[in-house]
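Enquirer: Have a look at this one before I ask anything.
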């Protein structure tokens with residue numbers, strides 16, 4: 291039944307993915323500004339991936355041409371895969387924290403202090419704060435939930451691609 295819906299209304303599915311991403315971003319901002327959790331560099335990278343997934347899937351939902359929908363779906367799949375990779379890496383760091391915690395400055399401090407070509411690699415080196423678990427729900431950390439959400443989005447995009455590839459050309 292779900293696959294039938296995916297096949298019948300791929301644009302709606304893409305729009306729902308975009309709305310879900312905006313809701314997750316809003317929850318992240320709630321945790322940051324209301325609860326007081328400071329995001330680590332890997333959290334910020336996951337937020338950017340989520341923003342890109344929301345934008346690409348939202349824009350793709352407006353397309354009517356099948357090949358444009360497939361291209362946007364493929365881009366969304368790649369972005370969700372990237373987000374899942376970063377979340378998986380952070381989850382690994384949380385399960386097996388490094389002996390020396392050296393996450394250092396936050397994202398904005400890195401950008402202000404170092405040139406961009408030096409700051410970008412520093413963002414992707416998660417340790418210290420990135421291995422700290424500040425919040426859990428049902429026994430899973432934010433990074434674990436982020437991984438599950440990115441993986442679910444990637445699976446939905448993969449299903450859309452497979453179903454659209456099976457449709458006869460119009």
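In the numbering used here, the protein residues as written are 291 to 460. Every residue, glycine too, gets a C-beta built ideally from N, C-alpha and C.
#1: Is it buried or exposed, residue 355, if we count other Cβ atoms within 10 angstroms and call 16 or more buried?
#2: By the DSSP assignment, the alpha helix (DSSP H) with residue 274 in it spans what residues?
#3: Could you give the DSSP three-state label for residue 428: helix, strand or coil?
#4: Does the beta-carbon of residue 433 have 16 or more other beta-carbons within 10 angstroms, so that it is buried, or is it exposed?
#5: Look at the alpha carbon of residue 417 and the alpha carbon of residue 447, and state the distance between them as a whole number of angstroms.
#6: To the nearest angstrom, how far is the alpha carbon of residue 339 from that of residue 326?
#7: Taking Cβ positions, are residue 307 and residue 366 nearer each other than 9 Å?
#8: Less than 6 Å between C-beta atoms, sequence neighbours within five positions excluded: which residues of the same chain meet that for residue 405?
#9: Would you identify the three-state DSSP class for residue 330, choosing helix, strand or coil?
#10: Between residue 429 and the rest of its own chain, which residues show a CB-CB distance below 7 Å, the 5 nearest in sequence each way excluded?
#11: Could you pull out every residue in the same chain whose Cβ sits closer than 7 Å to the Cβ of residue 314, ignoring the five residues on either side in sequence?
#12: Can you tell me which of the three DSSP states residue 405 falls into?
#13: Going straight from the alpha carbon of residue 445 to that of residue 300, what length do you get?
#14: Residue 451 to residue 403, Cα distance in whole Å?
#15: Rounded to whole angstroms, what is the Cα-Cα separation between residue 349 and residue 332?
#16: Quick one: grab the DSSP three-state call for residue 415.
Expert: To lay it out plainly:
#1: Exposed, because fewer than 16 other Cβ atoms sit within 10 Å of the Cβ of residue 355.
#2: Here the chain covers residues 291 to 460 and nothing more, so residue 274 does not appear.
#3: If DSSP states are grouped into helix, strand and coil, residue 428 belongs with coil.
#4: Answer is buried; the Cβ neighbour count reaches 16.
#5: Caution is warranted here: a pLDDT of 39 is assigned to residue 417, below 50, making its placement in the model unreliable, and the coordinate value is therefore given only provisionally. Residue 417 and residue 447 have their C-alpha atoms roughly 31 Å apart.
#6: As the crow flies, the alpha-carbon of residue 339 is around 22 Å from that of residue 326.
#7: Their beta carbons are under 9 Å apart, which means residue 307 touches residue 366 by this criterion.
#8: Excluding five sequence positions before and after residue 405, none of the CB atoms of its chain fall closer than 6 Å to its own CB.
#9: DSSP places residue 330 outside both helix and strand once states are collapsed to three, so it counts as coil.
#10: No residues qualify anywhere along the chain.
#11: For residue 314, where only same-chain residues beyond five positions count, the Cβ hits under 7 Å are 340 and 439.
#12: In the structure shown, residue 405 sits in coil (DSSP, three-state: anything other than H, G, I, E or B).
#13: Residue 445 and residue 300 have their C-alpha atoms spaced approximately 14 Å apart.
#14: Taken atom to atom, the span from the alpha-carbon of residue 451 to that of residue 403 is near 43 Å.
#15: Residue 349 and residue 332: Cα-Cα distance of roughly 26 Å.
#16: With a pLDDT of only 47 at residue 415, under the threshold of 50, the placement of this residue in the model should not be trusted, and no figure is reported.
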